[in-house]
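Peer 1:
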Amino acid sequence: MQTITSIRLLRNALSPLRNAGRSIGLVPTMGYLHEGHARLVSTAREQNDVVVVSIFVNPLQFGPNEDFAQYPRDLHHDEQMLTALGCDFIFAPSVNEMYPEPAVTVVDLPEMGQVLCGRTRPIHFRGVATVVSKLLHIVQPDKAYFGQKDGQQLAIILRMVQDLNLPLAIVGVPTVRESDGLAKSSRNIFLSVQDRPHATVLYRALQVARDDIEAGQRFAAEVMAHMAALISAEPTVRLDYAEAVDARTLQPLSVLSGTVMLAVAAYVGKTRLIDNIVLPLPPIDSPDIP
């Protein structure tokens with residue numbers, strides 16, 4: 000495994016492999032890797048001849064009062080994990096390597112990026128789409144891998160690749176969870192011992208909503224209200240949102256049909272966490288909307 004920090008050197012390393020017909024898989028990350036990232040890398044390893052993992056904490060996706068400086072970083076740990084997983088290349092550029100000048104070209108999907116998490120993080124998904132676009136152009140992979148835990152991000156990347164006619168496949172990988180259901184996240188380390196048990200309420204709310212739907216509930220407002228009430232009632236937890244949206248477009252639904260994403264976000268203590276589940280539901284031809 001090689002760790003490369005230069006765009007030019009990474010391209011030089013990948014070019015002969017690509018020309019030899021070897022398939023390339025990319026796993027974009029911000030580092031501080033955990034079992035969720037490991038699932039992405041293992042999936043890429045199974046499906047490609049060459050695996051590239053990028054490690055880059057992207058300043059464009061952090062607002063002025065967000066945790067860019069505090070975001071956890073541990074390249075040595077990441078290198079050890081990726082060696083064990085059979086990664087071929089780590090691409091770990093500096094901010095100056097990725098943005099030698101302030102970015103004046105950005106990729107923005109406002110209809111998808113200003114809903115859900117975008118309401119409280121208005122520049123976040125513009126930064127995500129911009130850096131992912133750069134990484135896809137740098138690596139030129141055949142496939143790129145993203146976790147379903149960041150469901151809004153996955154939907155935005157899928158649409159960006161479609162709209163820009165980028166020649167690769169985006170692969171969504173199921174969320175990896177702790178034994179009590181909490182979605183794996185690099186930000187989980189910020190949870191205090193006292194707050195950690197309360198963090199499970201996000202997944203518990205999603206499960207209750209799924210049960211409601213499986214029992215026949217199809218009105219989004221009822222499902223959303225049930226999730227919101229459960230989260231809001233949990234000690235030390237402050238609700239950000241609890242919504243039901245179209246999983247592809249991220250637009251709100253009044254009646255639940257098609258592929259639905261139930262998405263929640265909340266502050267557990269001072270730590271903001273997100274979670275979601277995606278449910279394929281039968282279409283409703285003539286819903287009886289009151």
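Take the sequence shown: its position 175, counting from 1, is numbered 174 in numbering that gives the first Met the number 0, and each next residue is one higher. Just so it is clear, CB atoms sit at the ideal spot from N, CA and C, and this is done for glycine as well.
(1) Starting from the Cα of Ala151, find the closest Cα among Leu115, Arg125 and Pro173 and give me that residue.
(2) With three or more C-beta pairs closer than 8 Å as the rule, is the segment 245-259 touching the segment 144-159?
(3) Can you tell me the Cβ-Cβ gap for Leu361 and Gly146, rounded? I've got them flagged as a contact below 8 Å.
(4) Applying the criterion that 16 or more other CB atoms from any shown protein chain within 10 Å of the CB defines a buried residue, is Thr42 buried or exposed?
(5) Exposed or buried, what is Arg118 when buried is set at 16 or more other beta-carbons lying within 10 Å of its beta-carbon?
(6) Do the CB positions of Thr270 and Arg186 come within less than 8 Å of each other?
(7) Can you name, in chain order, every residue of its own chain whose Cβ lies under 6 Å from the Cβ of Leu278, other than the five neighbours on each side?
(8) So, at 8 Å on beta carbons, what are the nonlocal neighbours of Asp141 in its own chain, with the 5 sequence-adjacent residues on each side left out?
(9) Nearest to Phe189 by CA position, among Phe61, Gly268 and Leu8, is which residue?
(10) Only counting the same chain, and skipping five residues up and downstream in sequence, which positions put a Cβ closer than 8 Å to that of Leu13?
(11) For the beta strand (DSSP E) containing Arg237, name the first residue and the last one.
(12) Nearest to Val106 by alpha carbon, out of Pro92, Val130 and Pro121?
(13) Give the DSSP-derived three-state secondary structure of Val263 in the structure shown.
(14) Under a three-way DSSP split, which group does Ile230 fall into?
(15) Let me know the alpha helix (DSSP H) ranges lying completely inside the segment 120-146, each 4 residues or longer, listed in chain order.
(16) Considering just the uninterrupted stretch of the beta strand (DSSP E) at Ile273, what are its terminal residues?
(17) Applying the 10 Å Cβ sphere with the 16-neighbour rule, what's the burial state of Leu8?
Peer 2: Concretely, from the data shown:
(1) The sequence shown places Gln at residue 151, rather than the Ala named in the question. Ranked by Cα distance from Gln151, the options Leu115, Arg125 and Pro173 are led by Leu115.
(2) Contact between the segment 144-159 and the segment 245-259 is present, because at least three Cβ pairs lie under 8 Å.
(3) The structure shown does not extend to residue 361, since the chain is modelled only from 0 to 289, so the question has no answer here.
(4) By the neighbour-count definition (other C-beta atoms within 10 Å, threshold 16), Thr42 is a buried residue.
(5) Around the Cβ of Arg118, a 10 Å sphere holds fewer than 16 other Cβ atoms; the residue is exposed.
(6) Yes, Cβ-Cβ distance for Thr270 and Arg186 is below 8 Å.
(7) Only Val259 meet the Cβ criterion.
(8) Taking Asp141 as the centre and dropping the five residues before and after it, the same chain places the C-beta of Ser22, Ile23, Gly24, Asn47, Leu167 and Ala168 closer than 8 Å to its C-beta, in chain order.
(9) Proximity to Phe189 across Phe61, Gly268 and Leu8 peaks at Gly268, based on C-alpha coordinates.
(10) Excluding residues within five positions, the ones whose Cβ falls inside 8 Å are Ile23, Val49, Val51, Phe88, Val138 and Gln139.
(11) According to the DSSP assignment, Arg237 belongs to the beta strand (DSSP E) that extends over Val236 to Asp245.
(12) The shortest C-alpha to C-alpha distance from Val106 to any of Pro92, Val130 and Pro121 is the one to Val130.
(13) Three-state result, Val263: strand.
(14) In the structure shown, Ile230 sits in a helix (DSSP, three-state: H, G or I).
(15) Segments of the alpha helix (DSSP H) lying fully in the segment 120-146: 123-138.
(16) Looking at the DSSP string, the run of the beta strand (DSSP E) that includes Ile273 is Thr270 to Leu280.
(17) By the beta-carbon neighbour count (other beta carbons within 10 angstroms, threshold 16), Leu8 is exposed.
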